[in-house]
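Below is one structure, written out as structure tokens; comments come after it.
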Amino acid sequence: MPIQRIKRVPLALLCASLCFSGSAIVAALPANAATPAVSSAQVLAPSVVLETMEKVADWQLENPTGYPLDDWTEGVGDAGFMALSGISANPKYREAMRAAGEKLQWRLGPSKFHADDHVVGQMYSELYLQLRDPRMIAKLRAQFDEMLAEPRPGSLNWLVPDVLHRWGWCDSLFMGPGAWARLTAATGDQRYLDYALKTWWQTSDYLYDKEEHLYFRDSRYFDKKEENGKKVFWGRGNGWVLAGLARMLQYIPDNRPERERFLQQYREMSERLAGLQQADGLWRASLLDPDSYKSAETSGTGLYAYALAWGVNQGILPRDKYAPAVKRAWQALNASVQANSKLINVQPIGADPKHFDPQSSDVFAVGAFLLAGAEMYRMGLEEAGAVRVLTVQNDGAAARLDTPVDVADVGDMAVMDALTTRLLPTVLAGKDLEFRTDIAAGETRRYLLIPRSRLPAGGKGAGLARASLPLKVSLSR
Numbered sequence: 003m004p005i006q007r008i009k010r011v012p013l014a015l016l017c018a019s020l021c022f023s024g025s026a027i028v029a030a031l032p033a034n035a036a037t038p039a040v041s042s043a044q045v046l047a048p049s050v051v052l053e054t055m056e057k058v059a060d061w062q063l064e065n066p067t068g069y070p071l072d073d074w075t076e077g078v079g080d081a082g083f084m085a086l087s088g089i090s091a092n093p094k095y096r097e098a099m100r101a102a103g104e105k106l107q108w109r110l111g112p113s114k115f116h117a118d119d120h121v122v123g124q125m126y127s128e129l130y131l132q133l134r135d136p137r138m139i140a141k142l143r144a145q146f147d148e149m150l151a152e153p154r155p156g157s158l159n160w161l162v163p164d165v166l167h168r169w170g171w172c173d174s175l176f177m178g179p180g181a182w183a184r185l186t187a188a189t190g191d192q193r194y195l196d197y198a199l200k201t202w203w204q205t206s207d208y209l210y211d212k213e214e215h216l217y218f219r220d221s222r223y224f225d226k227k228e229e230n231g232k233k234v235f236w237g238r239g240n241g242w243v244l245a246g247l248a249r250m251l252q253y254i255p256d257n258r259p260e261r262e263r264f265l266q267q268y269r270e271m272s273e274r275l276a277g278l279q280q281a282d283g284l285w286r287a288s289l290l291d292p293d294s295y296k297s298a299e300t301s302g303t304g305l306y307a308y309a310l311a312w313g314v315n316q317g318i319l320p321r322d323k324y325a326p327a328v329k330r331a332w333q334a335l336n337a338s339v340q341a342n343s344k345l346i347n348v349q350p351i352g353a354d355p356k357h358f359d360p361q362s363s364d365v366f367a368v369g370a371f372l373l374a375g376a377e378m379y380r381m382g383l384e385e386a387g388a389v390r391v392l393t394v395q396n397d398g399a400a401a402r403l404d405t406p407v408d409v410a411d412v413g414d415m416a417v418m419d420a421l422t423t424r425l426l427p428t429v430l431a432g433k434d435l436e437f438r439t440d441i442a443a444g445e446t447r448r449y450l451l452i453p454r455s456r457l458p459a460g461g462k463g464a465g466l467a468r469a470s471l472p473l474k475v476s477l478s479r
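The sequence shown begins at 3 in my numbering and counts up by one.
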């Protein structure tokens, strides 16, 4: 089937298929900082955010964990590396992910139904959407097709022997649903997203405390209490859920009626969790008994910073209310990056609040840090000004995958996907710009047009935005 091209129009016009609106934000771009020791204000500058992300990622690449590459810990790390690869001009981060996929032969983890073994599939689908290599999702799709044909209904009670065949613990809402939703984005097959939507609410109905607006980790914690008599709500556990909500909302088209229910829970949890942030900008291992767990904890904080910053950037959360909390969190996370770029203060693998060695580090926390960093990078660019919004609408009855979008008379602009915060490959012909998009039937997508001079390091992203376009295309005339 030939690729259809979304209509090319001048920016001054509005039309059914491509609309443009923009407004300048007058704040000045923060100054670059080249030294490792920077002020709390400087750590928010896009150039410093990106530099810190790359250094933390480099430390992780140079200090591998020894976990299997298909382990959930690595899969969460992969999510962060993909976020970094979307804004960095250095190709090594995406190449590291591609190399991991090749080594795994694009297989998921060993357990067919276990959500932890599915999280690596998020990286596979994201790479496929960039490189269009069908091998990257072939085994993922085959396994999910088998799961749809062989459902495993049953109790979510943690004591049931086969509970891990279902999403019976709150962590699973980060690990599993995002892989299913991304596969729909990659293939256009709605069955995968439908499964994720339905199964999310089965877990939510079981584990979500509608009074506290927080999730129990699993059924073992329904009746447990902290030393202060409050319910046990694990810091990182609720971080998994809030970040999982953000990662689902990225791939639930705005014309799907189920999206509103996800938005409602996302807003409820965001408001509750913002109120539980401590004065130093961090969240503690125990959300309702922080005095019993006073140590800094960066894995949960990274997940919260990511999810809340994403909501601010989307316009879902009020900027004036949430941006200050997000910035405090990012500054606090930076304080846990050592001089050698190792991220510390990470609660080790577990299921509930625990005391731990403050020197502890792990790849899943690095993943959360990188996810948060990408959103902070974007936030800084938008606050610096001159960012305009391009709106693309698919009025058709079918998904448009890898579809060219032509925009006339804009010049050499960087294009960022507003949902995923990824800088997209572009082709420039004169003053006309082309990029490619995936857009569901009836969906409206937004893209940020950013002057290249606003990108850190004097337009560092220029090489990224022109490199590795999956298909060679020509501008329509």
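Each residue gets a CB set at the ideal place from its N, CA and C atoms; glycine is no exception.
The structure displayed is predicted, hence computed values, not measured ones.
Taking the Cα of A327 as reference, the smallest distance to any Cα among G283, P458 and W312 is reached at G283.
Taking V394 as reference, the option from L372, A183 and G444 with the minimal CA-CA separation is G444. Taking the Cα positions, L278 is about 20 Å away from S338. In the displayed model, Y210 falls within a strand according to three-state DSSP. The alpha carbon of L247 has as its nearest neighbour, out of A416, L345, A311 and S49, the alpha carbon of A311. Under the DSSP assignment, F146 falls in the alpha helix (DSSP H) whose first and last residues are R137 to A151.
Distance from A181 to H120 at the Cβ level is roughly 4 Å; contact confirmed, criterion being Cβ atoms closer than 8 Å. Collapsing the DSSP output to three states places S363 in coil. When Cβ pairs closer than 8 Å are counted between the two stretches, the stretch 132 to 144 is seen not to touch the stretch 204 to 212, the count staying below three. With a beta-carbon spacing of about 6 Å, R456 and L383 fall inside the 8 Å limit used to define contacts.
Residue pairing of D419 in beta bridges, as defined by DSSP: R424 and Y449.
Taken atom to atom, the span from the alpha-carbon of E229 to that of P292 is near 10 Å.
Taken in chain order, the whole alpha helix (DSSP H) runs of length 4 or more contained in the stretch 333 to 404 are 365 to 386. In this structure, DSSP gives V58 a helical state, which the three-state scheme calls helix. If you check the CB distance, P360 and I346 come in under 8 Å. Judged by pairs of C-beta atoms under 8 Å, the stretch 79 to 93 touches the stretch 117 to 135, as three or more such pairs exist.
Counting along the chain, no beta strand (DSSP E) covers F235, and no H or E run does either. Y217 is bridged by DSSP to Y210.
When rounded, the separation of the alpha-carbon atoms in L373 and W61 is 16 Å. Looking at the DSSP output, F437 shares a beta bridge with V407 and T428.
Straight-line measurement puts the Cα of Y268 at about 22 Å from the Cα of E299.
Just so you know, the alpha carbons of L175 and W169 end up roughly 7 Å apart.
For P458, the CB contacts under 6 Å within the same chain, skipping 5 residues up- and downstream, are P48, S49 and L52 in chain order.
By the beta-carbon neighbour count (other beta carbons within 10 angstroms, threshold 16), G413 is exposed. N159 is classed as exposed because its beta carbon has fewer than 16 other beta carbons within 10 Å across all chains shown.
If the five residues before and after N92 are omitted, its C-beta is found closer than 6 Å to no C-beta atom of its own chain.
The criterion of a C-beta distance shorter than 8 Å is satisfied by G304 and L335. Distance check between N240 and each of T189, Y306 and Q192 places Y306 closest, using alpha-carbon atoms only. A check of alpha carbon separations from L195 across L251, L290 and M381 identifies L251 as the nearest.
Its chain contains R286 and P292 as the residues whose beta carbon lies nearer than 8 Å to that of Q280, once the 5 sequence neighbours on both sides are disregarded; these appear in chain order. Nearest Cα to D397 within the set G111, P320, N257 and D225: N257. In its chain, beyond the 5 residues on either side, D72 and D119 have a beta carbon closer than 6 Å to the beta carbon of G111. A residue is called buried when at least 16 other Cβ atoms come within 10 angstroms of its Cβ; N342 does not meet this threshold and is exposed.
Here L216 has F235 and N240 as same chain residues with Cβ atoms under 6 Å from its own Cβ, once five neighbours each way along the sequence are excluded.
Linking G369 to Q132 through their CA atoms gives a straight-line distance of about 20 Å. Assignment of K329 by DSSP, reduced to helix, strand and coil, places it in the helix class.
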